[in-house]
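Novice:
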Amino acid sequence: MLPIWSCHISGSIVAPEDPQLWDGLNPHKWLYFHGVNHLTLEGRGRINGMGRKWWAQSCKTNSTNPCQPAPTAITFHRCKNLRIQYLTVIDSPKMHIAFTNCLQVKASNLTVIAPRASPNTDGVHISASRAIEVENTMIRTGDDCISIVSNSSGVTIKNIICGPGHGISIGSLGKWNSLSEIRNVIVDGAILSNTDNGVRIKTWQGGSGFASDIVFQNVWMENVSNPIIIDQYYCDSFLPCRNQTESVKVKNIVFMHIKGTSATEAAITFACSDESPCEGLYLEDIELVSHAGGLTRALCWQAYGDTLGVVYPPVPCFSDANDNSFMEQKGDSRISAPSFR
């Protein structure tokens, strides 16, 4: 069903600049839509989170600062049949746009901007949501351009310009020994430049659940660190994380038509769990050369998969027992590269 309510933003909506003005208010959110169905939010206006003082007091900026919550600029919670388009969101204290427990969302033609050094300023964050589309959007922030976390499925990301930032991420998953389930995600068409990571899956030790049936395809990288990475030892903590055997299962992951330049020697990294290795990894038509003119290489640990056609750097580090069941089910899913490349 098409949205029947419409909200048009033409001018600027500006948050209070001083964090002290939030005393007594919910520190996690600013603009908040709860249980709103059949809504279109659009316009050429600008939403300014005025985040600079928040970033300065963050423990991520200065480890001597106490770690405190900061508001997300726009949160949609338990919303259905939602459209957001043509908006600009800048300088959020924390995440810029968050969809939590939402169903059937289309976000398009958005611009999200924050400085490279701004902490935790994810562009679009998707959590516990289904049937989500994000397309034709430019994101330049200090954290993940797009992050997809626990219990989300049916997510399509298309034609994204990303960078600076931390790339396009599945996760983090399994923090605090939690259950996380992610399935049926497609990233189809992206340009990433000068990002700390490219396309990434990140999980904490000790978690449970799975990240499955995920496709990254038609991606161009320019001076990107860790262009392709699965990290099952993710630890975003000031203290070392405890080694744990249980982990989120990573399986049936496809990387196709991914090209460009790597800022790191390791252009492909699969650091998988000892107890629950990555299975059903598939790479096809990969060309990731060094931005500085040196060599690139692939690193693997407990990774099972296969390659087809040109894959550079080569991935001889795959473990012997390949599991190709996912690609056998999917058949030949190759598509042509998007025209914007």
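The working numbering puts the sequence shown at residues 446 to 786.
Beta carbons: idealized from backbone N, C-alpha and C, even for Gly.
In this text, all values refer to a predicted model and were calculated from it rather than measured experimentally.
Go ahead and label residue 518 buried or exposed: buried means 16 or more other beta carbons lie within 10 angstroms of its beta carbon, across all protein chains shown.
Specialist: By the neighbour-count rule (16 or more Cβ atoms within 10 Å), residue 518 is buried.
Novice: What do you get for residue 621, buried or exposed, if any count of 16 or more other CB atoms within 10 angstroms of its CB means buried?
Specialist: The residue is exposed, with fewer than 16 neighbouring Cβ atoms inside 10 Å.
Novice: What separation, rounded to the nearest whole angstrom, lies between the Cα atoms of residue 663 and residue 489?
Specialist: Using only the alpha carbons, I get a separation of about 29 Å.
Novice: Sort 614, 704, 654, 685 by Cα distance to residue 631 and report the nearest one.
Specialist: The shortest C-alpha separation from residue 631 is found at 614.
Novice: Rounded to whole angstroms, what's the CA-CA distance from residue 706 to residue 667? Just pull it up for me.
Specialist: Taking the straight line joining both Cα atoms gives about 5 Å.
Novice: Could you compute how far the alpha carbon of residue 693 sits from the alpha carbon of residue 719?
Specialist: The straight-line gap from Cα to Cα measures roughly 12 Å.
Novice: Are the stretch 558 to 566 and the stretch 584 to 597 in contact at 8 Å, needing three or more beta carbon pairs?
Specialist: Verdict: yes, contact present.
Novice: Measuring alpha carbon to alpha carbon, tell me which of 494, 477, 467 ends up nearest residue 457.
Specialist: The shortest Cα separation from residue 457 among 494, 477, 467 belongs to 494.
Novice: With three or more beta-carbon pairs closer than 8 Å as the criterion, would you say the stretch 506 to 513 touches the stretch 528 to 538?
Specialist: Contact between the stretch 506 to 513 and the stretch 528 to 538 is absent, because fewer than three Cβ pairs lie under 8 Å.
Novice: Exposed or buried, what is residue 559 when buried is set at 16 or more other beta-carbons lying within 10 Å of its beta-carbon?
Specialist: Buried, since its Cβ has 16 or more Cβ neighbours within 10 Å.
Novice: Looking at the secondary structure, which residues open and close the beta strand (DSSP E) in which residue 746 lies?
Specialist: Per DSSP, residue 746 belongs to the beta strand (DSSP E) from 742 to 746.
Novice: Would you grab the beta carbon distance between residue 747 and residue 689 for me? Rounded to a whole angstrom, and I think it's under 8 Å.
Specialist: Not a contact, Cβ separation roughly 15 Å.
Novice: In the DSSP assignment, find the unbroken beta strand (DSSP E) run with residue 716 in it and report its ends.
Specialist: 711 to 716 is the span of the beta strand (DSSP E), which, as asked, contains residue 716.
Novice: Using 10 angstroms around the beta-carbon of residue 521, count the other beta-carbons present and answer buried if the total reaches 16, otherwise exposed.
Specialist: By the 10 Å Cβ count, residue 521 comes out buried.
Novice: Helix, strand or coil, according to DSSP, for residue 523 in the structure here?
Specialist: The answer is coil: DSSP assigns residue 523 none of H, G, I, E or B.
Novice: Is there a Cβ of chain D sitting closer than 9 Å to that of residue 554, yes or no?
Specialist: Within the model displayed, chain D is absent; a lone protein chain is all it includes.
Novice: Could you tell me the alpha carbon to alpha carbon distance between residue 728 and residue 590, rounded to whole angstroms?
Specialist: Cα to Cα, residue 728 sits roughly 23 Å from residue 590.
Novice: State the DSSP-derived secondary structure class of residue 665, mapped to helix, strand or coil.
Specialist: DSSP places residue 665 in strand when its eight states are reduced to three.
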